[in-house]
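Those letters in the sequence shown? Residues 187 to 845, by this note's numbering.
Here a beta-carbon is modelled for each residue, glycine too, at the ideal position from N, C-alpha and C.
In this text, all values refer to a predicted model and were calculated from it rather than measured experimentally.
What follows is a set of notes on a single structure, which appears directly below.
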Amino acid sequence: MAVKKETIETLLEESRIFHPDEQFTRQANVKNRDIYAEARANPRIFWAMQAERLDWYRKWDQVLDWEPPFAKWFVNGKLNACYNCVDRHLNTWRKNKAAIIFEGEPGDSRILTYWDLWREVTQFANVLRMLGVRKGDRVAIYLPMIAEAAIAMLACARIGAPHSVVFGGFSAEALRDRINDAGAKLLITADGGWRRGKIVPLKRNADAALTECPSVDKVLVVKRTGQEVPMQDGRDYWYDNLVVGVTVGGPCEEMDSEDMLFILYTSGTTGKPKGVVHTTGGYLTGVSTTHHMVFDIKDRDVYWCTADVGWVTGHSYVVYGPLANGATTVIYEGAPDFPEFDRFWAIIERYGVNVFYTAPTAIRAFMKWGEEWPARRDLSSLRLLGTVGEPINPEAWIWYHKHIGSERCPIVDTWWQTETGMIMISALPGIISTKPGSASVPLPGVEIDVVDKEGNSVMLGKGGFLVIKEPWPAMLRTIYGDNERYVREYWGKIPGHTLYFSGDGARRDYHNYFWILGRVDDVINVAGHRLSTMEIESALVDHPWVAESAAIGKAHDLKGQAISVFVTLKGKYFKELKDGSKTRAEFTSELKAHVVKKIGAIARPDDIFLTAELPKTRSGKIMRRLLRDIAEGRALGDTTTLADPAVCRELKEKYESKE
Ligand code: WTA
187 MAVKKETIET LLEESRIFHP DEQFTRQANV KNRDIYAEAR ANPRIFWAMQ AERLDWYRKW
247 DQVLDWEPPF AKWFVNGKLN ACYNCVDRHL NTWRKNKAAI IFEGEPGDSR ILTYWDLWRE
307 VTQFANVLRM LGVRKGDRVA IYLPMIAEAA IAMLACARIG APHSVVFGGF SAEALRDRIN
367 DAGAKLLITA DGGWRRGKIV PLKRNADAAL TECPSVDKVL VVKRTGQEVP MQDGRDYWYD
427 NLVVGVTVGG PCEEMDSEDM LFILYTSGTT GKPKGVVHTT GGYLTGVSTT HHMVFDIKDR
487 DVYWCTADVG WVTGHSYVVY GPLANGATTV IYEGAPDFPE FDRFWAIIER YGVNVFYTAP
547 TAIRAFMKWG EEWPARRDLS SLRLLGTVGE PINPEAWIWY HKHIGSERCP IVDTWWQTET
607 GMIMISALPG IISTKPGSAS VPLPGVEIDV VDKEGNSVML GKGGFLVIKE PWPAMLRTIY
667 GDNERYVREY WGKIPGHTLY FSGDGARRDY HNYFWILGRV DDVINVAGHR LSTMEIESAL
727 VDHPWVAESA AIGKAHDLKG QAISVFVTLK GKYFKELKDG SKTRAEFTSE LKAHVVKKIG
787 AIARPDDIFL TAELPKTRSG KIMRRLLRDI AEGRALGDTT TLADPAVCRE LKEKYESKE
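Rendered as structure tokens:
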């Protein structure tokens with residue numbers, strides 16, 4: 187594992203610093219820097235105070251029970267996440283406040299007040315109960331970004347059925363594997379969703395997946411696009427039909443603080459995705475606290491996080507964080523460039539969005555499309571901007587600051603992961619100065635360090651592994667069904683220490699600001715989506731033509747990283763390539779399509795290079811580092827451990843001449 191060298195650019199930009207504006211500070215949710223010292227002096231008291239934001243049926247006996255690496259937060263506390271996100275707001279003036287502002291890609295829109303949301307969620311929950319879903323049953327959700335996605339999640343939380351949301355861009359096979367790993371009893375899907383004017387065939391994918399999902403006995407189908415879809419008798423039900431006459435209201439299941447709220451699959455270093463488990467009390471405390479502090483949320487704000495609910499950002503900062511805080515959250519179904527490049531800015535103008543949270547990859551796309559698109563719209567409602575998902579390059583940061591934030595809005599660059607559940611490193615906009623490209627400092631109550639492989643803190647200015655030193659309330663509790671993998675992958679990487687290993691490299695500067703240097707493992711980050719190189723490789727070797735494959739993340743201007751794959755073909759097929767009976771293009775387009783079928787369009791390789799041999803060490807390990815050098819056009823690094831250095835030199839020549 188090697189920490190990537192920081193770019194020279196990052197070092198140069200480091201001197202730029204933006205201080206909080208006095209006016210902003212005066213109105214900020216967090217105004218006083220003492221919060222850091224107070225939280226550090228007694229983190230348990232700090233988090234217990236934060237947990238008071240929530241409504242509990244019964245308070246906890248103990249804040250934290252820590253038997254490393256297994257944590258229980260708010261022990262014996264009882265609460266319900268749906269109650270906290272919906273019901274409790276009905277006793278306040280927020281009853282008539284917009285909870286969700288939904289805009290569909292075709293332009294349809296819907297505003298649900300907290301009262302409306304309560305009606306819809308309780309009915310949805312009652313439909314789930316009617317279909318036999320009980321506390322503890324897992325429910326898979328495969329929906330487009332429509333209000334029903336949030337409603338379905340909250341309905342599951344209401345009845346105590348952990349949900350497993352699968353991103354709508356995943357293929358049938360990826361859906362099948364996630365359903366089976368969780369043993370989901372019911373699947374909630376839709377006929378389709380809109381994306382760039384086309385229908386994403388969700389029900390069709392679901393049908394293909396379900397041929398191999400023995401645990402699912404019922405499918406609930408939300409009508410969205412309205413085209414014909416096959417419905418299997420006795421298994422598939424239109425939500426619209428079932429909900430007619432179903433009671434509004436009904437109880438929330440009283441859940442233990444440590445009862446599972448959801449499973450969310452993410453890519454790890456092996457081919458098998460990990461089911462990250464989040465529980466109720468700690469998670470909700472973590473996301474509502476951070477949403478309040480980092481986004482400085484006010485009751486009058488319209489808040490928009492552009493993430494899909496299929497990712498953790500959608501769970502924590504589209505649904506649970508904002509709704510627990512009684513905020514107004516925007517949900518937009520489609521693409522940012524449909525029908526034109528100003529769709530996001532049109533949405534901000536139309537609803538008067540105040541706080542906007544998106545990904546660097548999107549910002550780089552906006553830069554490419556040109557500043558005339560945001561300039562056509564009134565963005566003066568914006569007062570705070572955020573980014574998440576990958577390091578933001580300083581030019582993108584400055585562009586965002588200038589062209590979206592009118593040089594007025596603070597930018598919070600938030601570092602966190604599916605596993606952390608909540609934001610861990612970010613500026614608090616009223617009190618922390620920001621530097622373009624740095625996520626700044628850990629939040630109060632969060633202890634982070636940069637260490638070497640022995641677990642010693644590295645000096646300021648030096649790179650190392652980003653680790654978390656103390657448990658935090660929204661931390662993952664385990665990997666679903668695999669405690670051992672949980673211990674090994676997150677807590678066993680630095681022997682002799684109890685440190686959470688994030689898989690990211692980082693450096694701290696002389697102001698103690700963190701600069702994230704990217705992954706140090708086999709995870710790649712393509713347009714803010716986390717993928718494992720192993721997952722892509724196993725999809726490829728599943729194809730009958732392929733002998734071996736090596737996938738790498740190659741630097742890419744827009745996506746951050748692009749997927750580049752090196753493939754060796756089995757003898758017979760290699761001959762076909764050599765004698766010209768099949769062209770290179772025929773091979774590569776078939777192989778790309780295969781990866782899309784196995785994982786989904788998000789994993790489509792940008793380029794596939796067919797080669798006779800891959801560079802390997804004497805012990806037979808593929809040297810991905812050298813492949814990265816080749817793909818990124820650098821001089822080859824150290825080749826002394828290779829079994830045959832000539833293989834690598836030849837590969838480089840061929841790659842460069844695109845032979
Ligand atoms: C990367 C997304 C730099 C990082 C919330 C992490 C970031 C992975 C940032 C988690 C950031 C996320 N700066 N890198 N502000 N935020 N990352 O699980 O490599 O989809 O490990 O969670 O994204 O991705 P995940």
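Between the C-alpha atoms of residue i and residue j, what's the straight-line distance to the nearest angstrom?
i: residue 822; j: residue 804; result: 18 Å
i: residue 321; j: residue 265; result: 14 Å
i: residue 368; j: residue 213; result: 45 Å
i: residue 561; j: residue 535; result: 11 Å
i: residue 838; j: residue 596; result: 45 Å
i: residue 623; j: residue 554; result: 19 Å
i: residue 703; j: residue 610; result: 16 Å
i: residue 575; j: residue 601; result: 7 Å
i: residue 215; j: residue 641; result: 36 Å
i: residue 512; j: residue 503; result: 12 Å
i: residue 832; j: residue 783; result: 35 Å
i: residue 402; j: residue 391; result: 15 Å
i: residue 395; j: residue 495; result: 20 Å
i: residue 323; j: residue 721; result: 28 Å
i: residue 573; j: residue 697; result: 21 Å
i: residue 767; j: residue 779; result: 20 Å
i: residue 330; j: residue 516; result: 14 Å
i: residue 680; j: residue 674; result: 10 Å
i: residue 776; j: residue 790; result: 11 Å
i: residue 388; j: residue 416; result: 12 Å
i: residue 357; j: residue 211; result: 46 Å
i: residue 270; j: residue 650; result: 39 Å
i: residue 296; j: residue 393; result: 29 Å
Can you name the start and end residues of the alpha helix (DSSP H) that residue i belongs to?
i: residue 360; result: 358-368
i: residue 467; result: 467-480
i: residue 427; result: 425-428
i: residue 547; result: 546-555
i: residue 213; result: 208-213
i: residue 507; result: 507-510
i: residue 676; result: Run containing residue 676: none; DSSP gives neither H nor E here.
i: residue 834; result: 831-842
Please go through the same chain and pick out, in chain order, the residues whose beta-carbon is closer than 6 Å to the beta-carbon of residue i, but skip the five residues on each side of it.
i: residue 643; result: 635 and 637
i: residue 428; result: 313
i: residue 349; result: 325, 327, 339, 342 and 448
i: residue 701; result: 624 and 693
i: residue 850; result: Missing from the structure shown is residue 850; the chain here goes from 187 to 845 and no further.
i: residue 577; result: 702
Verify the CB distance criterion: does residue i have a CB-CB separation below 8 Å to chain B?
i: residue 820; result: Considering every chain present, this structure includes no chain B. It has just one protein chain.
Assuming residue i and residue j form a contact by the criterion Cβ under 8 Å, report the distance between their Cβ atoms to the nearest whole angstrom.
i: residue 361; j: residue 352; result: 5 Å
i: residue 376; j: residue 344; result: So it is not a contact: roughly 20 Å between Cβ atoms.
i: residue 689; j: residue 707; result: 5 Å
i: residue 281; j: residue 263; result: With 8 Å as the limit, residue 281 and residue 263 do not qualify as a contact, their Cβ atoms being about 26 Å apart.
i: residue 300; j: residue 319; result: Actually they do not touch by this definition, with Cβ atoms about 24 Å apart.
i: residue 523; j: residue 563; result: The pair is not a contact, with the Cβ atoms about 14 Å apart (cut-off 8 Å).
i: residue 736; j: residue 808; result: 5 Å
The beta strand (DSSP E) with residue i in it runs from where to where?
i: residue 514; result: 514-518
i: residue 446; result: 446-452
i: residue 686; result: 686-694
i: residue 724; result: Here residue 724 belongs to no beta strand (DSSP E); instead the alpha helix (DSSP H) covers 719-727.
i: residue 780; result: From DSSP, residue 780 is part of no beta strand (DSSP E) but of the alpha helix (DSSP H) over 770-784.
i: residue 302; result: Taken as a continuous stretch (DSSP letters only), residue 302 belongs to no beta strand (DSSP E), being part of the alpha helix (DSSP H) at 300-316.
i: residue 795; result: 793-796
Please return the same chain residues whose Cβ sits closer than 7 Å to the Cβ of residue i, not counting the five positions on each side in sequence.
i: residue 829; result: 802, 803 and 804
i: residue 587; result: 593 and 597
i: residue 233; result: 249, 471, 631 and 659
i: residue 686; result: 653, 654, 676 and 677
i: residue 738; result: 719, 750, 810, 813, 814 and 817
i: residue 615; result: 206, 210, 214, 482, 570, 596 and 598
i: residue 275; result: 281, 300 and 512
Inter-stretch contact at 8 Å, needing at least 3 Cβ pairs: the stretch 391-411 / the stretch 277-286
no
Any contact of the stretch 463-477 with the stretch 245-262, i.e. 3+ C-beta pairs under 8 Å?
yes
Does the pairing of the stretch 237-256 with the stretch 448-457 give three or more beta-carbon distances under 8 Å?
No contact exists between the stretch 237-256 and the stretch 448-457.
Can you find at least 3 beta carbon pairs, one from the stretch 658-669 and one from the stretch 717-732, that sit closer than 8 Å?
Put simply, the stretch 658-669 does not touch the stretch 717-732. Fewer than three CB pairs are less than 8 Å apart.
Any contact of the stretch 482-501 with the stretch 757-764, i.e. 3+ C-beta pairs under 8 Å?
no
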